[in-house]
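For what it's worth, UniProt numbering labels the leading residue of the sequence shown as 1, then goes sequentially. Note that the Cβ used here is the ideal one computed from N, Cα and C, for glycine as well. All values reported here derive from a predicted model rather than from experimental measurement.
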Amino acid sequence: MAVRLRWAVMSPRKSVAETQHTRQRIVERSLAIASVEGLEGLTIGRLANELGMSKAGVLGHFGTKVSLQLAVVDAAATAFTEEVPRRVGDVRPGLPYLRAVCEAWVSYLERRSLPGGCFFTAAAAEFDGRSGPVHDAVTALNALWQRDLRVHVRRAVTAGDLPSDTDPDQLVYELMGVMLALNHFLQLQHDEAAPARARRAFRRLLGT
C-alpha cells in the first residue's frame, strides 16, 4: 500500500517533468528551423516528423501555431540574453559595458549559435509589414534592447567617456546597423572576414 501510494504521489510530478521536457524539445527544434526558414516556416507536420511525435502531440503543447511562434520568440530572447548581456553583466556601466556587449554580440553571431544567424534580424524582416501578437512581441523585444543600449550611451556621456554632443539615438542606430550588416555578410555571403569588419566598425564608434 505504501509503495502504491508513493507511486501515486510521484507519478504526476514525473508527468509534469516529462511534459516540460517535451515542450522544450519542440521549442528548441522550432527555434533552429525558424532561424533558417522563418517563423512562418514552422509546420506542425514537420515538427511531429522530426521529433517522432504525432501532430496532435505537438499541437497539444501550444494550442495554436501563433502560440508556438510566441514560445519560439521567447526562447530566442532567453538565448540572446544568456549569450550577450549576461555575459558582460559585471562590466562597469557606460562605455565599458557598450564595448563588452558589442564584442559579445559579434561573438554570438560569429559562433553561429543558430544555423540561420540572428533570429531577431530574420524575424524583424519577416514581420515588419504585418500586425498581430508575433509582430508585437518581436517589436517590443527589439525596442527593449535598443533602450538598454541608449541607457549605457547616456551613462558614457555623463561620465565623459563619450563626447557631450553624442546623440544616443544616432549611436544606437549605427550600432544596430553594424550588426545587421554582420548578419547579412555572414549568412548571405559567407564572408568570414565580416566579424573583423564589425569589430573595426565598433572601434570607430566607441573608441579602442
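Cβ shell of residue i (< 6 angstroms), same chain only, five flanking positions each side left out
| i | result |
| --- | --- |
| Leu68 | Phe62 |
Three-way DSSP call (helix, strand, coil) for residue i in this model
| i | result |
| --- | --- |
| Ser113 | coil |
| His61 | coil |
| Glu192 | coil |
| Val106 | helix |
| Asp165 | coil |
Span separating the alpha-carbon of residue i from that of residue j
| i | j | result |
| --- | --- | --- |
| Glu81 | Glu126 | At residue 81 the sequence reads Thr, which differs from the Glu that was named. Looking at the two C-alpha atoms, the distance is approximately 21 angstroms. |
| Asn49 | Thr158 | 55 angstroms |
| Val3 | Lys65 | Because the pLDDT at Val3 is just 48, under 50, the model does not fix this residue reliably, and the value given afterwards should be weighed accordingly. Rounded to whole angstroms, Val3 to Lys65 spans 42 angstroms at the Cα level. |
| Leu47 | Thr78 | 21 angstroms |
| Val84 | Asp136 | 22 angstroms |
| Trp105 | Leu95 | 15 angstroms |
| Ile44 | Pro133 | 19 angstroms |
| Ala56 | Val27 | 15 angstroms |
| Ala17 | Arg25 | 12 angstroms |
| Ala143 | Ser54 | 37 angstroms |
| Arg155 | Thr22 | 43 angstroms |
Within-8 angstroms CB hit, residue i to chain B
| i | result |
| --- | --- |
| Pro115 | In the structure shown, chain B cannot be found, because there is only a single protein chain. |
Supposed close pair residue i, residue j - CB separation, criterion 8 angstroms
| i | j | result |
| --- | --- | --- |
| Gly117 | Gln187 | 4 angstroms |
| Arg150 | Val172 | 5 angstroms |
| Ala198 | Pro115 | Going by Cβ atoms, the distance from Ala198 to Pro115 rounds to 20 angstroms, so no, they are not a contact pair. |
Range of the contiguous alpha helix (DSSP H) that encloses residue i
| i | result |
| --- | --- |
| Asp136 | Pro133 to Thr158 |
| Leu180 | Pro168 to Gln187 |
| Glu126 | Phe119 to Phe127 |
| Glu50 | Ile44 to Leu51 |
Neighbourhood of residue i by C-beta, 8 angstroms cutoff - its chain only, sequence neighbours within 5 removed
| i | result |
| --- | --- |
| Phe202 | Arg99, Cys102, Glu103, Val106, Leu175 and Val178 |
Same chain only: Cβ atoms within 7 angstroms of residue i, ignoring 5 sequence neighbours per side
| i | result |
| --- | --- |
| Thr121 | Leu180 and Asn183 |
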